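Taking it in order: structure first as structure tokens, then the write-up.
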Amino acid sequence: MSVFIDCPAMSTITEIDKIISALPEAEYELFTRFYALELYTGTLKIPAGLKNWVRTRFGSVERVERQRIVSIKNRFTGEHSLFNELRSERPKESKRVEVEDKSEGCRFCNPEEQTPEDIFGRIRGSHCITASNITKYDSYHSLVIFREHNPLAIDPEWIADYLRTGEQWFEAVCKHNPRSRLQKFFLWNCLWRSGASIIHGHMQLTASGMRYGKLELLERVATAYKHEYQTDYLSDLCKVHESLGLATHLNHNRDRVLFYLTPVKEKEIVVVSTASRSDELADTIYRLLRYYRDAGVQSYNLAIFHLGVHHVVRLVDRGALDDMTSDIGTMELYAASVISSDPFILAQGFNSEQSR
2 MSVFIDCPAM STITEIDKII SALPEAEYEL FTRFYALELY TGTLKIPAGL
52 KNWVRTRFGS VERVERQRIV SIKNRFTGEH SLFNELRSER PKESKRVEVE
102 DKSEGCRFCN PEEQTPEDIF GRIRGSHCIT ASNITKYDSY HSLVIFREHN
152 PLAIDPEWIA DYLRTGEQWF EAVCKHNPRS RLQKFFLWNC LWRSGASIIH
202 GHMQLTASGM RYGKLELLER VATAYKHEYQ TDYLSDLCKV HESLGLATHL
252 NHNRDRVLFY LTPVKEKEIV VVSTASRSDE LADTIYRLLR YYRDAGVQSY
302 NLAIFHLGVH HVVRLVDRGA LDDMTSDIGT MELYAASVIS SDPFILAQGF
352 NSEQSR
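With positions in the sequence shown counted from 1, the corresponding number in the numbering used here is that position plus 1.
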């Protein structure tokens, strides 16, 4: 079951000041509690010799000489995104690439012989198998290697099996080290733009004794928010997105899908769920990945972690496989995320596709 929350007709991020000004008082106050918003006009002058190229590339000289820039910052987490629709139209160098359906000599196509196993052995699913990561970044760091070589081939049953196998791996880790209070973290880097070093489809798993820094910050924010406002941070975050039409409810309202207002990078989607296990999120994750695929996304990062009573999923597009320009630069590393995509258009596209 899906519940779609309507965006104002043909909304765009550049009109967010008008959208929030039309909110009922309580929703407006909740938005301003969460977000600082500023809008700017970036101005420049195009010389005569460049005007024809600008018209061809961007449609008009005027929209380039006066650019609408939207700056949104989460007051609690510090997540900060700068939107300018022209960024998606800038020239980029590219090269033709293809993802093969299978590969001769791929070690992950023969995982039992060509990958290491954890000290407690392997967990075998119907469509996957675990392997210990040969170059770890945590004491417990392993892989769920898909039977399907092509990471762009997806199926809801396969995704459920990958996640179920990951849950069983974590249970095996806790049994192997029962005295440690370990933190479960799922990550899926799909293809090289996302940081994957091997094409063959796989997910990664960690069980850490120390809460990862960014997750600990979010946990502290949620705790402080609860203390100050006597309500739940994630629930109110969802309410803000719902008031703007940037949320969808799936699986009988258990999974709340947010087309995130302060994305870390392009087309970020966040799921806040009361599911008790990650494999219960398989259908929602499949629908989001299918939407990504239909939107032309091939490389993405996906994370699943716990925050209080919720499972949280974060999913972000990492750009075209043939794009030679990195999507992450100094701004993203040290200042604020520069965003080309529009969360309102992303939400409208998903709702439209799901309604068919």
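The C-beta atom is built at its ideal place from N, Cα and C for all residues, glycine as well.
Note that the structure is a prediction, hence the values are computed from the model and not measured.
Run of the alpha helix (DSSP H) containing residue i, from where it starts to where it stops
{"i": "R294", "result": "A283 to D295"}
{"i": "G246", "result": "Careful: G246 lies outside any alpha helix (DSSP H) and carries neither H nor E."}
{"i": "G50", "result": "A49 to F59"}
{"i": "I17", "result": "I17 to S22"}
Cβ separation of residue i and residue j, assumed to be a contact under 8 Å, to the nearest whole Å
{"i": "G167", "j": "S342", "result": "Not confirmed; about 29 Å, so no contact."}
{"i": "S338", "j": "S82", "result": "5 Å"}
{"i": "I146", "j": "H201", "result": "7 Å"}
{"i": "T285", "j": "H311", "result": "Rounded, the Cβ-Cβ distance is 13 Å, inconsistent with contact."}
{"i": "I73", "j": "N85", "result": "With 8 Å as the limit, I73 and N85 do not qualify as a contact, their Cβ atoms being about 12 Å apart."}
{"i": "I305", "j": "V298", "result": "Their Cβ separation, rounded to whole angstroms, is 18 Å, which puts I305 and V298 out of contact at 8 Å."}
Member of the options whose CA lies at the smallest distance from the CA of residue i
{"i": "P344", "options": "Y261, K185, L51 and E26", "result": "Y261"}
{"i": "R254", "options": "K240, T15 and G43", "result": "According to the sequence displayed, residue 254 carries Asn and not Arg. Selected option, being the one with the closest Cα: K240."}
{"i": "L183", "options": "N111, L192 and D139", "result": "D139"}
{"i": "S195", "options": "I329, S353, L206 and D18", "result": "I329"}
{"i": "E158", "options": "R56, F187 and H128", "result": "H128"}
{"i": "I346", "options": "I270, H311, V310 and K215", "result": "I270"}
{"i": "H150", "options": "R108, A304, F121 and N75", "result": "R108"}
{"i": "Q355", "options": "E333, N252 and T331", "result": "N252"}
{"i": "R76", "options": "K268, E267 and T263", "result": "T263"}
{"i": "Q68", "options": "L45, K176 and A37", "result": "L45"}
{"i": "D233", "options": "A27, S327, L308 and F59", "result": "L308"}
{"i": "V273", "options": "K266, V298 and H250", "result": "H250"}
{"i": "R148", "options": "Q169, H177, F35 and M204", "result": "M204"}
{"i": "D318", "options": "Y293, F306 and F35", "result": "Y293"}
{"i": "L303", "options": "G106, D295, L289 and A296", "result": "L289"}
{"i": "P152", "options": "L216, D237, S327 and Y287", "result": "Y287"}
Residue span of the beta strand (DSSP E) that contains residue i, given as start and end
{"i": "H228", "result": "No beta strand (DSSP E) holds H228; the alpha helix (DSSP H) holding it covers G214 to Y230."}
{"i": "D256", "result": "D256 to F260"}
{"i": "F121", "result": "Where F121 is concerned, there is no enclosing beta strand (DSSP E), given that its DSSP letter is neither H nor E."}
{"i": "V317", "result": "H311 to D318"}
{"i": "M204", "result": "H203 to S209"}
{"i": "F306", "result": "Y301 to L308"}
{"i": "S133", "result": "C129 to S133"}
{"i": "R69", "result": "R67 to N75"}
Residue i versus residue j: straight-line alpha-carbon distance, rounded
{"i": "R291", "j": "P48", "result": "44 Å"}
{"i": "I340", "j": "T15", "result": "12 Å"}
{"i": "A248", "j": "A348", "result": "7 Å"}
{"i": "T136", "j": "D156", "result": "29 Å"}
{"i": "E281", "j": "V65", "result": "46 Å"}
{"i": "S95", "j": "L322", "result": "Note that S95 has pLDDT 49, beneath the 50 cutoff, so the model's placement of it is unreliable and the number below is only indicative. For S95 and L322, the distance between alpha carbons rounds to 9 Å."}
{"i": "A225", "j": "Y335", "result": "25 Å"}
{"i": "I199", "j": "T57", "result": "39 Å"}
{"i": "Y141", "j": "P117", "result": "13 Å"}
{"i": "I20", "j": "E39", "result": "14 Å"}
{"i": "P179", "j": "S353", "result": "47 Å"}
{"i": "K185", "j": "L206", "result": "8 Å"}
{"i": "K266", "j": "T42", "result": "22 Å"}
{"i": "S209", "j": "V174", "result": "10 Å"}
{"i": "N111", "j": "L316", "result": "29 Å"}
{"i": "S277", "j": "L51", "result": "57 Å"}
Own chain residues within Cβ distance below 7 Å of residue i, not counting five before or after
{"i": "L24", "result": "F32 and S244"}
{"i": "V55", "result": "I47, V62 and V65"}
{"i": "R357", "result": "none"}
Own chain partners of residue i with C-beta closer than 8 Å, once the 5 adjacent residues on each side are dropped
{"i": "R123", "result": "E113, I130, T131 and A132"}
Cut-off 6 Å between Cβ atoms - residues of its own chain near residue i, not counting five sequence neighbours on either side
{"i": "G126", "result": "D162 and T166"}
{"i": "I120", "result": "none"}
{"i": "M332", "result": "V339"}
{"i": "E80", "result": "T263"}
{"i": "T78", "result": "V222"}
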